[in-house]
Amino acid sequence: MATFRTCIKSFGDKSDVYNYYGELLLDQQKFSEAVEKFETAVETERKAVGEGGGMNVLPLINKALALFQWKQDFAGAEALCQKALMIDPECDIAVATMAQLLLQQGKVTDALQYFERAAELSRTEGEIVNALSYAEATRTQLEVQEKYPQLASRLQGMGQGMGPR
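Heads up: the sequence shown is residues 906 to 1070, going by my numbering.
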């Protein structure tokens, strides 16, 4: 932590310092402090690139993850991911995060579209396999919902009891 405070003094005009500090705080489940750092990173990034520039959207995505983990704020997290994707539609992390958020909300059809897009944006074999695996699992989930609606509703009820603790 002392290292980050030193970095802020030396590089306070760089958004990455605040973003990575926020990631460390998020790992430690210091959600409020993490969100604060992500917000500072977003503001620092906006100042650095100006109105017309393309900003690094990672702080927005990290803030979305923090809000979801901290408050299960699906709407807020989804809105932040949408904002990130409006700024950078090719951001693979934003696409994959959005897919997961949608899936966890039961928006399976929408999630499938994002998983397929994540596969298109993948840069490594592992990323492609991961995205396609999620896409196939999501397709299977849709098929079960269509062919066996009673089973799907029972499974969904069981899954709700297995949420975050």
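Glycine included, C-beta positions come from ideal geometry on N, C-alpha and C.
Does residue i come out as helix, strand or coil in the three-state DSSP assignment?
i	result
Asp978	coil
Val962	coil
Lys914	helix
Met1003	helix
Asp921	helix
Ile992	helix
Arg1028	coil
Gly1011	coil
Gly927	helix
Lys968	helix
Gln934	coil
Tyr1053	coil
Exposed or buried, what is residue i when buried is set at 16 or more other beta-carbons lying within 10 Å of its beta-carbon?
i	result
Val1034	exposed
Thr1045	exposed
Pro1054	exposed
Arg1028	exposed
Thr1002	buried
Lys942	buried
Arg1119	Nothing in the structure corresponds to residue 1119, since the chain is present only between 906 and 1070.
Taking the Cβ atom as the reference point for each residue, do residue i and residue j lie within a distance shorter than 9 Å?
i	j	result
Glu995	Leu1026	yes
Ala1024	Ala1040	yes
Met960	Glu944	no
Leu931	Asn967	yes
Ala946	Gly927	yes
Does at least one heavy atom of the ligand GDP sit under 8 Å from the Cβ of residue i?
i	result
Gly927	In the structure shown, the ligand GDP is absent, as is every other ligand, since no ligand is present at all.
Since I believe residue j is in contact with residue i (beta carbons under 8 Å), could you give me their beta-carbon distance rounded to a whole number of angstroms?
i	j	result
Val962	Ala999	6 Å
Lys988	Leu972	Lys988 to Leu972, Cβ: 13 Å. No contact.
Gln934	Phe979	Between Phe979 and Gln934 the Cβ distance is about 19 Å, and since that is not below 8 Å, they are no contact.
Phe936	Gln977	The pair is not a contact, with the Cβ atoms about 11 Å apart (cut-off 8 Å).
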